[in-house]
Amino acid sequence: MTPEIFKKEIHDIFNKFTGIRIIFIVRIEDGYSLKLSKIDAAAMPKILDGFKRKLSEDIIRE
Numbered sequence: 112m113t114p115e116i117f118k119k120e121i122h123d124i125f126n127k128f129t130g131i132r133i134i135f136i137v138r139i140e141d142g143y144s145l146k147l148s149k150i151d152a153a154a155m156p157k158i159l160d161g162f163k164r165k166l167s168e169d170i171i172r173e
């Protein structure tokens, strides 16, 4: 995926979708693909806590 295609796909996601979304970059053979996940607003605090905890653990380990 070229940087231009990546920018266009991200731009299209923000123009077409509403709500809380998480964008995953998935490696497919020699390239990458964007996958979009819709997140329930009530679940977002727990998800963020999990991300923060994982980042802290990774930073402390490294």
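Each residue of the sequence shown is one higher than the one before, counting from 112 in our numbering.
Positions of the beta carbon are idealized from the N, C-alpha and C atoms, including for glycine.
Please read these numbers as outputs of a predicted model, since none were measured by experiment.
{"Check": "Does the distance from the CB of Lys146 to the CB of Phe135 come in under 7 Å?", "Outcome": "yes"}
{"Check": "Considering only heavy atoms of the ligand MG, does any lie closer than 6 Å to the CB of Ile158?", "Outcome": "This structure lacks the ligand MG; in fact it carries no ligand of any kind."}
{"Check": "Can you give the Cα-Cα distance for Glu168 and Leu159, rounded to whole angstroms?", "Outcome": "14 Å"}
{"Check": "Beta carbon of Ala152, beta carbon of Ile121: below 7 Å?", "Outcome": "no"}
{"Check": "Taking DSSP as the reference, what is the three-state secondary structure of Phe161?", "Outcome": "Per the sequence shown, the amino acid found at residue 161 is Gly instead of Phe. Gly161: helix per DSSP, three-state reduction."}
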